[in-house]
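In UniProt numbering, the protein residues as written are 1 to 149. For reference, the structure is listed below as structure tokens.
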């Protein structure tokens with residue numbers, strides 16, 4: 001995982017999957033037990049206790065899912081103001097970059113042709129005009145597409 005929040009998201013996914021697996025197991029067992037049972041409960045005419053049980057049980061299960069989900073939702077809320085905003089626009093054969101925090105700084109970045117590449121360059125990944133970003137700062141990247149989705 002790339003961040004502690006992503007690790008928490010993975011744990012939440014596993015937690016929710018385990019709850020779903022337990023529900024599936026219990027429901028499957030009950031269905032098999034009911035279909036293979038030859039006994040009949042003659043005294044189960046009005047089942048207020050069982051109706052209360054199957055009303056409260058899903059509510060408790062939803063609470064066990066909702067509390068970690070809300071905790072993660074509030075952890076993922078980013079309040080920090082970015083120092084720099086970079087708008088990246090994907091075109092069919094090149095990228096356009098715009099630094100919107102400055103006075104209209106924008107440029108295009110094309111793929112380097114193979115005949116101009118050095119031996120240490122990355123084939124089909126190297127560009128003629130790379131974007132430069134500062135380190136140890138909050139950067140907001142807005143990624144969109146102009147003509148290709």
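For every residue, glycine included, the Cβ atom is placed at its ideal position computed from N, Cα and C.
#### Entry: Candidates 83, 72, 52 and 112, of which the one nearest residue 135 by Cα
83
### Query
In whole angstroms, what separates the C-alpha of residue 108 from that of residue 142?
16 Å
#### Entry: Ranges of the alpha helix (DSSP H) found wholly within the region 31-118, counting only runs of at least 4
48-76
### Presumed contact (8 Å Cβ cut-off) between residue 75 and residue 5, rounded CB distance
6 Å
### Query
Considering residue 145, what are the terminal residues of the beta strand (DSSP E) in which it resides?
139-145
### Task
Would you tell me roughly how many angstroms separate the C-alpha atoms of residue 37 and residue 23, rounded to the nearest one?
21 Å
### Task
Within the same chain, show all residues whose beta-carbon is closer than 6 Å to that of residue 85, passing over the 5 residues directly before and after it, in chain order.
100, 101 and 140
### Query
Got a sec: is the Cβ-Cβ distance from residue 61 to anything in chain D below 8 Å?
No chain D appears in this structure, which consists of one protein chain only.
### Task
To the nearest angstrom, report how far apart residue 61 and residue 52 are at their CA atoms.
14 Å
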